[in-house]
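Protein chains: 2
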Amino acid sequence: MNKKVLIIEDNDDIRESTAEVLDLAGYETFTAKHGKVGVDLALKHLPDIILCDIMMPELDGYGVLYLLNKNPKTASIPFIFITAKSERADMRKGMEMGADDYLTKPFDDVELFKAIESRFRKKQQTSGFGTNAGNTEAVLEELRKKGRSKPIGNKQIIYVEGDEPTHLYFIIKGQVKTYKRFKDGRELSSNLYHDGDFFGYESLCNGELYSDNAATLIESEIIQIPKIDFMEYLLNHQAVSKTFIGLLSGNIRDKGKQMLQLAYSSVRKRVAEALLQVATKFSNDTSDGCTIRISRDDLAALVGTASETVSRMLADFKDEKLIDKTGNAINILSLERLKNIKQ
Amino acid sequence: MNKKVLIIEDNDDIRESTAEVLDLAGYETFTAKHGKVGVDLALKHLPDIILCDIMMPELDGYGVLYLLNKNPKTASIPFIFITAKSERADMRKGMEMGADDYLTKPFDDVELFKAIESRFRKKQQTSGFGTNAGNTEAVLEELRKKGRSKPIGNKQIIYVEGDEPTHLYFIIKGQVKTYKRFKDGRELSSNLYHDGDFFGYESLCNGELYSDNAATLIESEIIQIPKIDFMEYLLNHQAVSKTFIGLLSGNIRDKGKQMLQLAYSSVRKRVAEALLQVATKFSNDTSDGCTIRISRDDLAALVGTASETVSRMLADFKDEKLIDKTGNAINILSLERLKNIKQ
DNA sequence: CGACGTCTTGAAGAGTCTCAACCATGGTGG
DNA sequence: CCACCATGGTTGAGACTCTTCAAGACGTCG
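So the protein sequences, as listed, match chains A and B.
Numbering-wise (the UniProt record's numbering), the first sequence opens with residue 1 and increments by one.
Numbering-wise (the UniProt record's numbering), the second sequence opens with residue 1 and increments by one.
Right under this line is the structure:
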């Protein structure tokens, strides 16, 4: 898609020849004879850059810049003055009003191209589009630096339903579950988080009170990032909004899958699924078999059932040689076969 | 919090006096004697603005700008050249390299302040923070204009699981459900949408194939917005990312609530809840009672149960004078009492 | 060693699903 | 105009899963 350039200039010769040169260079040009038309065209076409003379009838360049800056739709369009006014004071006034460049006439074509392209580069890099390949991690790291690291003991509650969210959390090392509590006290875990995960962003994102609880499952080290810093980064850094939009939508996807299982899968299948989930998130060894340590209550909360039922299922699985039990540790003998449990 | 200004200038007098003036004005200043130190300080302190001389030993101003632009952390910091080089060619070179302003020495303090403040204003407005009060609706409207409106018949499928997402959808008028299909064919509705709702954004947001299906419940009019336009708006417009982050997190919240109910509430309670949901989303009359038309299958999908069970529950509700039935229309007699169903 | 918390096992019962038959409605074609 | 069928909705009975309550086993820690 060609970049759109709006040229606002009262001198017919300069306007037409500039437009012609830019057309040749592959830009799509719009031209305006004076400020009023220029502002209209800017609003209508939302060009990618605006070149504007200062001395014009009807509405001068300063006025154009002022009006465009006032409107949020046009405020971020790069704005270059092209003018015969080469006095220092004029240039300062233009820049102080928020122009991005100030090109004095007469200028040659190369100067013009370079000025335009330089502003495009600039815009692209501040909006972050395109150049954020390895950038994301750097920005997230920066965000994490805004917070303070804190060791948190086993089974400590980090936040509870109804609290006002004040922080975003990032797990350096450890395990955290988020869960909801049913009227009668039964719990349902919606998510497990571990090293390298952010959590607690959902309530921050929609500005309401927490709708779930979070607690550690083992001793952990967690960074608390103040809400204000998170919000600033979320809205002003592409990399951050992209990351969290990804996290949010991934979260929805997981919940959708879990809901379908809750509705129609047998407890047997759901227990198997929960074991797999815990194994992939919390296990250290990665061969086909692996060992996990989790209380029956936590497992039951994950499955959405009574802990007795979990016990029975684990006993069944043990009989079928899918798992082994030593103490409260569960040793999965074959992830593969566990995955293939039907019903 | 005071704004941080980094001054890179080899002339001791100018550097110190500039720093002094800015200190007085309430800025926090850092000074560097030449380019190398300047780049280090910039990376270390991430100042809010950088003032930089051009002619310096060790590393000149152009070099500083080049290095800072290469690093994503510093690329978006406003950069002003302050220099004795007043030649047109020098100024052009500076601006073409991506400087934000070019102040020639000698300059007076007012010029300096104005230059700095102008760049702060500029930064603030491009990052869009603050000025987006009534803006959101306008930007969303603009986004909707990118798509084409289409009438869609009753019970038409809009997308299915596994499809490649190509559009964002917006309902002008109508009713749409999204649902997942269990292995054996049973369905579970995750969401109901109606006039004024966007849907289908979740899969676009995380760039994977659809994980659910969408179908109309009545004849509807729906705008299809191409993915490419949505992505552009999502990443480049504050208002749009804010809106969809809100939608995504609201969605998570709803699903969390629904999951808890699926896990621990009785079918009776869930049917009541589903009726309420349908009533609030699709009903036209708004008194305490209202009428809804929905098939038993759709209701069953919403509850996550068999349609026979729904029938039985509705019969119970009718006996208890909570609802009335005429054909397949359900007439809710008291939303209030339906809400208060326990267990 | 006993006390406590956690886990396991047992038996009874409630709740929900499945299968099947039946009813109401509305549209279709002879 | 009416018999016919298709569809969606309702009702019944039995089966099955899972929960609940209760008691016992295990392991850990003072």
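Even glycine gets a Cβ: it sits at the ideal position worked out from N, Cα and C.
Does the beta carbon of A/Cys205 sit closer than 8 Å to a beta carbon anywhere in chain B?
Working through the first sequence from its first residue, we reach residue 205 of chain A at position 205. For A/Cys205, the answer is yes, since a Cβ of chain B falls inside 8 Å of its Cβ.
Go through the segment 233 to 277 of chain B residue by residue and report every complete run of the alpha helix (DSSP H) that reaches 4 residues or more, in order.
Counting only runs of 4 or more, we get 238 to 264.
Identify every run of the beta strand (DSSP E) within the segment 43 to 72 of chain B, keeping only runs that are complete inside it and at least 3 residues long; order them along the chain.
Whole beta strand (DSSP E) segments, 3+ residues: 49 to 52.
Do B/Leu6 and B/His45 count as a contact pair if the criterion is CB distance below 8 Å?
Here residue 45 of chain B refers to the residue found at position 45 of the second sequence. Here residue 6 of chain B refers to the residue found at position 6 of the second sequence. A contact, by the Cβ cut-off of 8 Å.
Taking all protein chains shown into account, decide if B/Glu9 is buried (16 or more other Cβ within 10 angstroms of its Cβ) or exposed.
As a working note, residue 9 of chain B is residue 9 in the second sequence. Buried.
Rounded to whole angstroms, how far is the Cβ of residue 354 of chain A from the Cβ of A/Ile218, which I believe are closer than 8 Å?
No information on residue 354 of chain A is available, as it lies outside the stretch 1 to 343 that chain A covers here.
Distance cutoff 8 Å, beta carbons only. Does A/Asp12 sit that close to anything in chain B?
Locating residue 12 of chain A in the first sequence gives position 12, counting from the first residue. It does not: the Cβ of A/Asp12 has no partner Cβ on chain B nearer than 8 Å.
Residues in the same chain with beta-carbon distance under 7 Å from B/Leu333, minus the five sequence neighbours each way, listed in chain order, please.
What you label residue 333 of chain B is simply residue 333 of the second sequence in a count that begins at 1. So the list reads Gly289, Lys321, Leu322, Ile323, Asp324, once near-sequence residues are dropped.
Quick check on the burial criterion: 16 or more other C-beta atoms within 10 angstroms. Buried or exposed for B/Leu234?
Reading the second sequence from its first residue, position 234 is the one you call residue 234 of chain B. Buried is the call here.
Who are A/Leu168's beta bridge partners in DSSP?
One-based indexing of the first sequence puts residue 168 of chain A at position 168. Looking at the DSSP assignment, A/Leu168 forms a beta bridge with A/Ile225.
For chain B, find out if any of its Cβ atoms is closer than 8 Å to the Cβ of A/Met95; answer yes or no.
For the purposes of this step, residue 95 of chain A is taken as residue 95 along the first sequence, with counting starting at 1. Yes, because at least one Cβ of chain B sits closer than 8 Å to the Cβ of A/Met95.
Express the C-alpha separation of A/Tyr66 and A/Met97 in angstroms, rounding to a whole number.
Along the first sequence, one-based indexing puts residue 97 of chain A at 97. Along the first sequence, one-based indexing puts residue 66 of chain A at 66. Whole-angstrom Cα-Cα distance: 7 Å.
Looking only at its own chain, which residues have a Cβ that is under 8 Å from the Cβ of A/Ile225, when we skip the five neighbours before and after it?
For the purposes of this step, residue 225 of chain A is identified with residue 225 of the first sequence, where counting begins at 1. Here the set comprises Leu143, Arg144, Lys146, Gly147, His167, Leu168, Tyr169, Phe170.
Determine, for B/Phe129, whether the minimum Cβ-Cβ distance to residues of chain A falls below 8 Å.
Numbered from its first residue, the second sequence carries residue 129 of chain B at position 129. Unreliable positioning characterises B/Phe129 in this predicted model, as indicated by a pLDDT of 39, which lies under 50. A coordinate reading is not provided.
According to the Cβ coordinates, are A/Val160 and A/Val240 closer than 8 Å?
For the purposes of this step, residue 160 of chain A is taken as residue 160 along the first sequence, with counting starting at 1. For the purposes of this step, residue 240 of chain A is taken as residue 240 along the first sequence, with counting starting at 1. No, they are not a contact pair.
Output the distance between the C-alpha atoms of A/Phe198 and B/Arg181, rounded to the nearest integer angstrom.
Mapped onto the first sequence, residue 198 of chain A falls at position 198. Mapped onto the second sequence, residue 181 of chain B falls at position 181. Each residue's Cα considered, the two are about 30 Å apart.
Given a cut-off of 8 Å, decide if B/Asp48 and B/Ile14 are closer than it, judged by their beta-carbon atoms.
Residue numbering aside, residue 14 of chain B sits at position 14 when the second sequence is read from its first letter. Residue numbering aside, residue 48 of chain B sits at position 48 when the second sequence is read from its first letter. No, these two residues do not count as a Cβ contact at 8 Å.
Take every Cβ of the segment 15 to 26 of chain A, pair it with every Cβ of the segment 54 to 63 of chain A, and state whether three or more of those distances are shorter than 8 Å.
Touching, no.
What separation, rounded to the nearest whole angstrom, lies between the Cα atoms of B/Lys79 and A/Ala75?
In the second sequence, counting from the first residue as 1, residue 79 of chain B sits at position 79. In the first sequence, counting from the first residue as 1, residue 75 of chain A sits at position 75. Going by the sequence as given, residue 79 of chain B is Phe instead of Lys. Those two C-alpha atoms are separated by around 19 Å.
By Cβ distance, which residues of its chain are closer than 6 Å to A/Val267, with the 5 residues on each side in sequence left out?
Residue mapping note: residue 267 of chain A aligns to position 267 of the first sequence, counting from 1. Closer than 6 Å at the Cβ level, and outside the excluded window around A/Val267, lie Thr305, Thr309.
By how many angstroms is the C-alpha of A/Glu202 removed from the C-alpha of B/Asp254?
Walking along the second sequence from the start, residue 254 of chain B turns up at place 254. Walking along the first sequence from the start, residue 202 of chain A turns up at place 202. Near 12 Å, if we compare the C-alpha coordinates of A/Glu202 and B/Asp254.
Just how far apart, CA to CA, sit A/Leu112 and A/Lys73?
The residue given as residue 112 of chain A occupies position 112 in the first sequence. The residue given as residue 73 of chain A occupies position 73 in the first sequence. C-alpha separation (whole angstroms): 25 Å.
Mind listing which residues of the segment 264 to 292 of chain B have their C-beta closer than 7 Å to chain A's C-betas, in chain order?
Of all residues in the segment 264 to 292 of chain B, Tyr264 have a Cβ within less than 7 Å of some Cβ in chain A.
Name, please, each residue of chain A whose Cβ falls closer than 8 Å to the Cβ of B/Leu262.
Position 262 of the second sequence, counting from 1, holds the residue named residue 262 of chain B. The answer, in chain order, is Met259, Leu262, Ala263, Gly304.
Strictly under 8 Å for the Cβ-Cβ distance: is A/Ile341 near chain B by that measure?
One-based indexing of the first sequence puts residue 341 of chain A at position 341. Output row for A/Ile341: interface = no.
Based on Cα-Cα distance, which residue from B/Lys122, B/Ser249, B/Ile116, B/Ala301 lies nearest to A/Tyr210?
Translated into the one-based positions of the first sequence, residue 210 of chain A becomes position 210. Among B/Lys122, B/Ser249, B/Ile116, B/Ala301, the Cα nearest to that of A/Tyr210 belongs to B/Ser249.
Near A/Asp212, which residues of its chain fall below 7 Å by C-beta distance, leaving aside the five closest residues on each side in sequence?
Start at 1 with the first residue of the first sequence, and residue 212 of chain A comes out as number 212. If we look at A/Asp212 and ignore the five residues flanking it on each side, its Cβ neighbours are Glu161, Thr178, Tyr179, Lys180, Ser190.
Quick check: is the beta carbon of B/Asp108 nearer than 8 Å to any beta carbon in chain A?
Translated into the one-based positions of the second sequence, residue 108 of chain B becomes position 108. No - not a single Cβ of chain A is within 8 Å of the one on B/Asp108.
Scan the segment 234 to 257 of chain A for residues whose Cβ lies nearer than 8 Å to a Cβ of chain B and list them as they occur along the chain.
Listed by position along the chain: Leu234, Leu235, Asn236, Gln238, Ser241, Lys242, Phe244, Ile245, Gly246, Leu248, Ser249, Gly250, Asn251, Ile252, Arg253, Lys255, Gly256, Lys257.
Using DSSP with H/G/I as helix, E/B as strand and the rest coil, what is A/Lys36?
On the first sequence, position 36 is the one that residue 36 of chain A refers to. Reduced to three states, the DSSP call for A/Lys36 is helix.
Can you give, in chain order, each stretch of the alpha helix (DSSP H) that sits fully within the segment 70 to 132 of chain A and has at least 4 residues?
Entirely contained in the segment 70 to 132 of chain A, the alpha helix (DSSP H) runs reaching 4 residues are, in chain order, 88 to 96, 109 to 127.
With distance defined between alpha-carbon atoms, name the residue in B/Asn135, B/Tyr102, B/Thr29 nearest to B/Lys4.
One-based indexing of the second sequence puts residue 4 of chain B at position 4. Of the listed residues, the one whose Cα sits closest to B/Lys4 is B/Thr29.
Any Cβ of chain A within less than 8 Å of the Cβ of B/Asn132?
Within the second sequence, the letter at position 132 stands for residue 132 of chain B. Confidence at B/Asn132 is low in this model, with a pLDDT of 45, below 50, so the placement of that residue is unreliable and no value is reported for it.
Going straight from the alpha carbon of A/Asp222 to that of A/Cys205, what length do you get?
Along the first sequence, read from residue 1 onward, the residue named residue 222 of chain A stands at position 222. Along the first sequence, read from residue 1 onward, the residue named residue 205 of chain A stands at position 205. In the sequence as presented, Asp is not what sits at residue 222 of chain A; that position holds Ile. When rounded, the distance between both Cα atoms is 20 Å.
Using a Cβ cut-off of 9 Å, which residues of the segment 185 to 215 of chain A contact any Cβ in chain B, in chain order?
Listed in sequence order: Arg186, Leu188, Ser190, Tyr201, Glu202, Ser203, Leu204, Cys205, Asn206, Gly207, Glu208, Ser211, Asp212.
By the criterion of Cβ-Cβ separation under 8 Å, what are the contact partners of B/Ala84 in chain A?
Looking up residue 84 of chain B in the second sequence gives position 84. Per Cβ cutoff of 8 Å: no residues; B/Ala84 is ~14 Å from chain A at best.
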